[in-house]
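S.K.:
In C-alpha coordinates, the structure reads:
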(Lines of atoms letter the chains of each structure in order from A and count residues from 1; the text may use other names and numbers.)
(Lines give C-alpha, C1' and ligand atoms only; values in the text may rest on other atoms or scores of the structure.)
Protein backbone atom coordinates (compact mmCIF):
# COMPACT_ATOMS: atom_id res chain seq x y z
CA UNK A 1 0.00 0.00 0.00
CA UNK A 2 2.82 2.41 0.86
CA UNK A 3 4.57 1.60 -2.42
CA UNK A 4 1.44 2.52 -4.36
CA UNK A 5 1.12 5.82 -2.48
CA UNK A 6 4.73 6.65 -3.26
CA UNK A 7 4.04 5.72 -6.88
CA UNK A 8 1.15 8.17 -7.01
CA UNK A 9 3.45 10.82 -5.52
CA UNK A 10 6.04 10.12 -8.22
CA UNK A 11 3.36 10.34 -10.91
CA UNK A 12 2.18 13.71 -9.62
CA UNK A 13 5.79 14.90 -9.36
CA UNK A 14 6.43 13.95 -12.99
CA UNK A 15 3.35 15.93 -14.05
CA UNK A 16 4.58 18.85 -11.95
CA UNK A 17 7.97 18.74 -13.70
CA UNK A 18 6.31 18.96 -17.11
CA UNK A 19 4.03 21.78 -15.98
CA UNK A 20 6.99 23.66 -14.50
CA UNK A 21 8.91 23.15 -17.74
CA UNK A 22 6.19 24.91 -19.72
CA UNK A 23 5.27 27.28 -16.86
CA UNK A 24 1.63 26.23 -17.04
CA UNK A 25 -0.95 26.26 -14.23
CA UNK A 26 1.45 25.56 -11.39
CA UNK A 27 2.70 27.96 -8.80
CA UNK A 28 5.97 27.85 -6.96
CA UNK A 29 4.22 26.64 -3.82
CA UNK A 30 3.01 23.43 -5.45
CA UNK A 31 6.42 22.95 -7.02
CA UNK A 32 8.05 23.40 -3.64
CA UNK A 33 5.78 20.73 -2.16
CA UNK A 34 7.00 18.22 -4.74
CA UNK A 35 10.61 19.32 -4.23
CA UNK A 36 10.22 18.60 -0.52
CA UNK A 37 8.47 15.29 -1.29
CA UNK A 38 11.28 14.06 -3.53
CA UNK A 39 14.10 15.18 -1.26
CA UNK A 40 12.50 13.81 1.91
CA UNK A 41 11.63 10.51 0.23
CA UNK A 42 15.16 10.25 -1.12
CA UNK A 43 16.63 11.01 2.29
CA UNK A 44 14.46 8.45 4.09
CA UNK A 45 15.52 5.63 1.75
CA UNK A 46 19.02 6.98 1.00
CA UNK A 47 20.75 3.59 0.83
CA UNK A 48 19.38 2.89 -2.65
CA UNK A 49 20.62 4.45 -5.90
CA UNK A 50 17.08 5.34 -6.96
CA UNK A 51 16.67 7.35 -3.78
CA UNK A 52 19.79 9.31 -4.60
CA UNK A 53 18.26 9.94 -8.02
CA UNK A 54 15.12 11.21 -6.25
CA UNK A 55 17.24 13.71 -4.33
CA UNK A 56 18.87 14.86 -7.56
CA UNK A 57 15.44 15.18 -9.21
CA UNK A 58 14.26 17.25 -6.26
CA UNK A 59 17.29 19.53 -6.52
CA UNK A 60 16.75 19.96 -10.26
CA UNK A 61 13.07 20.69 -9.68
CA UNK A 62 14.07 23.34 -7.13
CA UNK A 63 16.27 24.96 -9.77
CA UNK A 64 13.32 24.82 -12.18
CA UNK A 65 11.32 27.00 -9.77
CA UNK A 66 13.67 29.85 -10.69
CA UNK A 67 12.96 29.50 -14.40
CA UNK A 68 15.89 27.29 -15.43
CA UNK A 69 14.55 24.61 -17.76
CA UNK A 70 16.44 22.39 -20.18
CA UNK A 71 16.02 19.05 -21.92
CA UNK A 72 16.91 17.49 -18.56
CA UNK A 73 13.35 18.32 -17.50
CA UNK A 74 12.08 15.65 -19.85
CA UNK A 75 14.61 13.13 -18.55
CA UNK A 76 13.51 13.82 -14.97
CA UNK A 77 9.82 13.60 -15.91
CA UNK A 78 10.30 10.31 -17.78
CA UNK A 79 12.37 8.88 -14.91
CA UNK A 80 9.71 9.76 -12.33
CA UNK A 81 6.95 8.49 -14.62
CA UNK A 82 8.62 5.09 -15.12
CA UNK A 83 9.18 4.81 -11.36
CA UNK A 84 5.49 5.52 -10.85
CA UNK A 85 4.45 2.92 -13.43
CA UNK A 86 6.62 0.24 -11.82
CA UNK A 87 5.31 1.14 -8.36
CA UNK A 88 1.68 1.04 -9.43
CA UNK A 89 1.97 -2.16 -11.50
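Residue numbers (our numbering): 2 to 90. Backbone N, C-alpha and C fix where the C-beta goes; we use that ideal spot for every residue, glycine too.
1. By the DSSP assignment, the alpha helix (DSSP H) with residue 11 in it spans what residues?
2. Nearest by alpha-carbon distance to residue 31: which of 40, 46, 14 and 23 is it?
3. For residue 77, tell me which candidate among 28, 8 and 16 has the shortest Cα-Cα distance.
4. Is it true that the CB of residue 40 sits closer than 8 Å to the CB of residue 59?
5. For residue 33, which of 90, 89, 49 and 21 has the nearest alpha-carbon?
6. Measure the beta-carbon distance from residue 56 to residue 43 and round it to whole angstroms, keeping in mind my assumption that it falls under 8 Å.
7. Can you tell me whether residue 35 is buried or exposed, with buried defined as 16 or more other CB within 10 angstroms of its CB?
8. Are there 16 or more other CB atoms within 10 angstroms of the CB of residue 45, so buried, or fewer, so exposed?
M.R.: Reading off the structure:
1. If you number the chain shown from 1, residue 11 lands on position 10. Element bounds for residue 11: 3 to 23.
2. By one-based count along the chain shown, residue 31 stands at place 30. Cα-wise, what sits closest to residue 31 is 14.
3. The count along the chain shown starts at 1 and reaches residue 77 at position 76. Nearest of 28, 8 and 16 to residue 77, Cα basis: 16.
4. Position 58 of the chain shown holds residue 59. Position 39 of the chain shown holds residue 40. Yes, Cβ-Cβ distance for residue 59 and residue 40 is below 8 Å.
5. Translated into positions along the chain shown, residue 33 becomes position 32. For residue 33, the closest alpha carbon among the candidates 90, 89, 49 and 21 is that of 21.
6. Residue 56 sits at position 55 when you count from the first residue of the chain shown. Residue 43 sits at position 42 when you count from the first residue of the chain shown. By a beta-carbon distance limit of 8 Å, residue 56 contacts residue 43. Their separation comes to about 4 Å.
7. Working through the chain shown from its first residue, we reach residue 35 at position 34. The C-beta of residue 35 has 16 or more other C-beta atoms within 10 Å across all chains shown, which makes the residue buried.
8. As a first step, residue 45 must be located in the chain shown, where it is residue number 44. Per the 10 Å Cβ criterion, exposed.
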